[in-house]
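Step one of this worksheet: look at the structure below.
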Amino acid sequence: MTVSTTESSTTQNVVFDAKLISRLSQSGPRYTSYPTADRFTESFHYRDYLQAVAAAHARGGRHPLSLYIHIPFCDTVCYYCACNKIVTKNHEKAATYLGYLKREIEMQGRLFTGFNHIEQLHFGGGTPTYLSDAQMDDLMQHLHRWFQFAPDEAGEYSIEVDPRTVTPERVHRLRAQGFNRISLGVQDFDADVQKAVNRIQPEDKTLAVIAAARAAQFRSVSIDLIYGLPKQTIFTMAQTLEKVVAANPDRIAVYHYAHLPHLFKPQRRINEADMPAADVKLDMLALCIRRLNQAGYVYIGMDHFAKPTDDLAIAQRQGRLHRNFQGYSTQSDLDLLSFGVSAIGAVGASYSQNVKTLDAYYEHLDKGELPIARGFKLTMDDLLRRFIIQMLMCNFELSIRSLEQAYPITFSSYFAAELDKLQELAELGLVTLDEEWISVTLKGRLLIRNVCMVFDRHLREARSLQSEAQRYSKTV
Ligand code: SF4
-6 MTVSTTESST TQNVVFDAKL ISRLSQSGPR YTSYPTADRF TESFHYRDYL
44 QAVAAAHARG GRHPLSLYIH IPFCDTVCYY CACNKIVTKN HEKAATYLGY
94 LKREIEMQGR LFTGFNHIEQ LHFGGGTPTY LSDAQMDDLM QHLHRWFQFA
144 PDEAGEYSIE VDPRTVTPER VHRLRAQGFN RISLGVQDFD ADVQKAVNRI
194 QPEDKTLAVI AAARAAQFRS VSIDLIYGLP KQTIFTMAQT LEKVVAANPD
244 RIAVYHYAHL PHLFKPQRRI NEADMPAADV KLDMLALCIR RLNQAGYVYI
294 GMDHFAKPTD DLAIAQRQGR LHRNFQGYST QSDLDLLSFG VSAIGAVGAS
344 YSQNVKTLDA YYEHLDKGEL PIARGFKLTM DDLLRRFIIQ MLMCNFELSI
394 RSLEQAYPIT FSSYFAAELD KLQELAELGL VTLDEEWISV TLKGRLLIRN
444 VCMVFDRHLR EARSLQSEAQ RYSKTV
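Numbering (the numbering used here), first residue to last: -6 to 469.
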């Protein structure tokens, strides 16, 4: 089966233009934050975090929070992995980690006493289900001791699940523990691809987890796929898509595999000769878009598809979609408290990131300090650009007049240089511009990162110092 890379295929809300993508795809950030995490510095200290918390409290009122819990452990390594994880079969390590995690939760819980209403919780990793049922019970009870959770129907409580690590019974237990959204790492159903990336995941096990999630009444089931993996062909991708569509998840994320072996050691074990060529990867992307649209999924943006009835698609239609470290969300800009090694939080006009090793994490907590390693204090200019990037990422348009009402600027003079660059993108067909609106066209949507990069002042400043290709994946 082939799909021409020179074709343009119109779909519901996105146009795949192979020529444009080949021409403009470049290394760039994914904008789960702005400024991006690589701009964080060690000059951001614990006391800066405390100041940000004090400022958040001073705002008063009822500001719900979002929590992120990082469980870094995995039983085996997937060769494509770019996550911060610890591969070990010694589950004792998780017991020690859990003890420290609970200390960190208690410290943050004390800081947020009286301001601890939670509307969003996300468990990521690593492998969150590396924890046993009993450990997860213990952790959830501890979280509920220190924070007030909104009722199930009003909160978004999600967990990333590796289907190799859970039984249908475990899925029901996760629902009983309070999770109402589940996301499954699948990547590819093909046996040869799974072998090439060291992630052997029998199809029946994945399908059994999805069936259990439905039976347990999770509000949404999401599947993650990756294109560009070794041994993948347009044929294997087509077969995987058929199986995914038949499994009928509410959301599907299709990520481009970013091969950066100089940054991520496991990727050095991938045989580069097995990797699909650039034009084949474009064919795969075209196929994914076409097949998922045929099956009724809408393109949300940045690799994500959802059923039109899913909360994300509804939020996008209503202009209420948001983007944070966990990807797209229906929750507005909640302050994010993050727990565990390498976890990133966002409170007020600040970002903070925890230390990355277990030893350093334990050492800080033993001293009675939050384990913050670095962070960033946003200036007014950063906040303005963050707002613009958020609007473009989530709604594919920006109202210039609304921005001028919210910020004391005249857009045309403040962003004169950016407007020149946008004009170039407009000539290529990625955006349309007038005095009132910047709108991303249907064929510009797959290149949304290119549009956002125009507003990234930090990226522009860093470009002269370091090659972006060294640090970022391609925009498509
Ligand atoms: S991809 Fe997920 S399961 Fe695989 S090694 Fe990385 S974090 Fe662990």
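Note that CB positions come from ideal geometry on N, CA and C, so glycine has one too.
In chain order, what residues of the same chain lie with their CB nearer than 8 Å to the CB of residue i, ignoring the 5 residues before and after it?
i    : result
I382 : Y24, Y27, C445, F448, D449
A47  : none
E390 : M384, W430, I431, S432, V433
A366 : E35, Q346, N347, V348, K349, A353
L13  : L421, G422, L423, K436, L440
D145 : G171, N173
R438 : N6, V7, V8, Y292, G294, F389
N83  : none
D267 : A189, P223, K224
A336 : Y61, I62, H63, Q346, N347
L415 : V424, L426, I431, V444, V447
I'd like the list of long-range same chain contacts for residue i, defined as Cβ closer than 7 Å, with 5 residues on each side in sequence excluded.
i    : result
A288 : V238
D200 : According to the sequence as given, residue 200 is Leu; it is not Asp. Once the five neighbours on either side are set aside, the close Cβ partners of L200 are A240.
M295 : R23, M386, I441
M133 : Q170, G171
Y72  : V190, N191, P259, Q260, R262, I263
R166 : D126
E411 : V447, F448
CB residue i to CB residue j, shorter than 8 Å?
i    : j    : result
H115 : Q324 : no
L426 : T434 : no
E196 : G178 : no
F108 : H50  : yes
I282 : P242 : no
G148 : I175 : no
Q128 : A184 : no
D272 : I227 : no
A208 : V214 : no
F140 : G92  : no
Does the beta carbon of residue i sit closer than 8 Å to a beta carbon anywhere in chain B?
i    : result
K274 : Absent here is chain B; the protein component of the structure consists of one chain.
Within its chain, find whatever has a CB closer than 6 Å to the CB of residue i; leave out the 5 residues flanking it on each side and keep chain order.
i     : result
Y150  : L114, G171, F172, N173
L234  : R284
T372  : none
R96   : L358
P301  : V291
T(-2) : Per-residue confidence for T(-2) stands at a pLDDT of 39, beneath the threshold of 50, marking its modelled position as unreliable; no derived number is given.
V(-4) : Bear in mind that the predicted position of V(-4) carries a pLDDT of just 37, short of 50, making it too unreliable to give a figure here.
State the Cα-Cα distance for the pair residue i and residue j, rounded to the nearest angstrom.
i    : j    : result
L104 : K349 : 22 Å
S2   : D359 : Caution is warranted here: a pLDDT of 43 is assigned to S2, below 50, making its placement in the model unreliable, and the coordinate value is therefore given only provisionally. One C-alpha to the other measures close to 57 Å.
F9   : Y292 : 11 Å
Q225 : L363 : 43 Å
C74  : A409 : 40 Å
L43  : H56  : 17 Å
F369 : N317 : 16 Å
Y344 : A45  : 9 Å
A399 : L418 : 26 Å
G119 : T160 : 18 Å
T4   : N286 : A caution first: T4 carries a pLDDT of 44, below 50, which makes its placement in the model unreliable, though a value can still be read off. Their Cα atoms are separated by approximately 6 Å.
G338 : S331 : 5 Å
L452 : D130 : 43 Å
K274 : M230 : 10 Å
A308 : F33  : 30 Å
A30  : G221 : 25 Å
Q210 : R168 : 8 Å
R138 : D328 : 19 Å
S392 : V202 : 43 Å
V340 : S59  : 10 Å
E0   : F142 : Annotation note: pLDDT 39 at E0 (below 50); position unreliable, no value reported.
M100 : R379 : 29 Å
Y355 : Y407 : 46 Å
Taking only three categories from DSSP, how would you classify residue i?
i    : result
R52  : coil
L363 : coil
I380 : Contrary to the premise, residue 380 reads as Phe rather than Ile in this sequence. Looking at F380 - three-state DSSP - the assignment turns out to be helix.
Q101 : helix
L358 : helix
T34  : strand
I393 : helix
G92  : helix
E149 : strand
L114 : strand
Q128 : helix
N286 : helix
S176 : strand
A75  : coil
I402 : coil
A336 : coil
K370 : strand
field: Entirely enclosed alpha helix (DSSP H) segments - the region 190 to 275, minimum 4 residues
entry: 196 to 208, 227 to 240
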